[in-house]
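Notes to accompany the following structure.
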Amino acid sequence: GELSARGVVKDYTGTVIRTFDADISASWANDGTGTLDEVFRFDDGEVQTRTWTLTPVDDGYRATAGDVVEPGLMQWRGNAIHMNYVLRLAYGDGTLDVRMDDWMYLVTPDTLINETTLSKWGIDVGEIVLVIQKR
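Just so we're aligned, residue 47 is where the sequence shown starts under my numbering, counting upward by one.
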């Protein structure tokens, strides 16, 4: 269904450097494949879009998107979902590949809290925290 999100991006010191909101359209096909169409709007005017494809595999879901250079494996653990992947981000005049370590916690049937640690060369460089809610 339709979801909305609000969140913050922190730098390596824990300082909030950006805020954002997002609209997410989620759907599941009969074969178990999921699609998440995301539109992120940042406080500085930047807009990012991403379409995730979630494909069932033996131990969870394989998660791919156009700017994901190393697909993630999404696995459930109780009320939590864990996913680790590499995302290609715009950086200066080029791009930067950053490892994303996602933990998503379902706190009510309509509310999910997502914490993501961003790292490069094994060093934490930032964090994203957001709340996703069903509309």
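Ideal Cβ placement from N, Cα and C applies to all residues, glycine included.
The structure presented is a predicted model; accordingly, all values stated were derived computationally and were not measured.
Kindly indicate which residue of the options has the alpha-carbon position closest to the one of residue i.
| i | options | result |
| --- | --- | --- |
| threonine 101 | Asp77, Leu152, Gly112, Val114 | Asp77 |
| tyrosine 151 | Leu142, Gly124, Val171, Asp139 | Gly124 |
| aspartate 104 | Trp98, Leu119, Gly80 | Leu119 |
Which same chain residues end up closer than 7 Å to residue i when comparing Cβ atoms and leaving out the 5 residues on each side of it in sequence?
| i | result |
| --- | --- |
| methionine 52 | Note on identity: in this sequence residue 52 is arginine, with methionine being the wrong assignment. Same-chain partners within the cutoff: Asp67, Leu176, Val177. |
| alanine 126 | Trp149, Met150, Tyr151 |
Can you grab the Cα-Cα spacing for the pair residue i / residue j, in whole Å?
| i | j | result |
| --- | --- | --- |
| alanine 109 | asparagine 160 | 16 Å |
| isoleucine 169 | valine 144 | 10 Å |
| valine 93 | glutamate 84 | 10 Å |
| leucine 164 | aspartate 147 | 7 Å |
| isoleucine 63 | valine 55 | 6 Å |
| arginine 134 | lysine 166 | 11 Å |
| aspartate 90 | isoleucine 174 | 16 Å |
| tryptophan 149 | aspartate 139 | 30 Å |
| tryptophan 122 | methionine 129 | 9 Å |
| alanine 136 | valine 171 | 15 Å |
| proline 117 | tyrosine 107 | 10 Å |
| proline 155 | threonine 162 | 21 Å |
| valine 132 | tyrosine 58 | 18 Å |
| threonine 141 | phenylalanine 86 | 18 Å |
| tryptophan 74 | threonine 61 | 37 Å |
Would you please state the rounded distance, in angstroms, between the beta carbons of residue i and residue j? I believe it to be under 8 Å.
| i | j | result |
| --- | --- | --- |
| glycine 112 | alanine 72 | Not quite, the Cβ-Cβ distance comes to about 17 Å (not below 8 Å), so this is no contact. |
Keeping to the same chain, check which residues put their C-beta closer than 8 Å to that of residue i; ignore five residues upstream and five downstream.
| i | result |
| --- | --- |
| serine 50 | Asp67, Ala68, Asp69, Ile70, Ile178, Gln179, Arg181 |
| threonine 99 | Thr79, Gly80, Thr81, Ala109, Thr110, Ala111 |
Using DSSP bridges, identify the partner residues of residue i.
| i | result |
| --- | --- |
| alanine 109 | Leu100, Gly118 |
| glycine 172 | Asp57, Leu164 |
| threonine 141 | Ala136 |
| glutamate 84 | Ile70, Arg96 |
| aspartate 147 | Asn130, Thr163 |
| threonine 79 | According to DSSP, which records beta bridges pairwise, threonine 79 is partnered with nothing at all. |
Enumerate in chain order the residues of its own chain whose CB-to-CB distance from residue i is below 6 Å, with the five nearest sequence positions on each side excluded.
| i | result |
| --- | --- |
| phenylalanine 88 | Arg64, Phe66 |
| arginine 96 | Glu84, Ala111 |
| leucine 158 | Met150, Leu152, Ile178 |
| valine 115 | Val132, Arg134, Asp143 |
Regarding residue i and the ligand MG, is the C-beta to nearest heavy atom distance less than 8 Å?
| i | result |
| --- | --- |
| aspartate 147 | The ligand content of the structure shown is nil, which means the ligand MG is not present either. |
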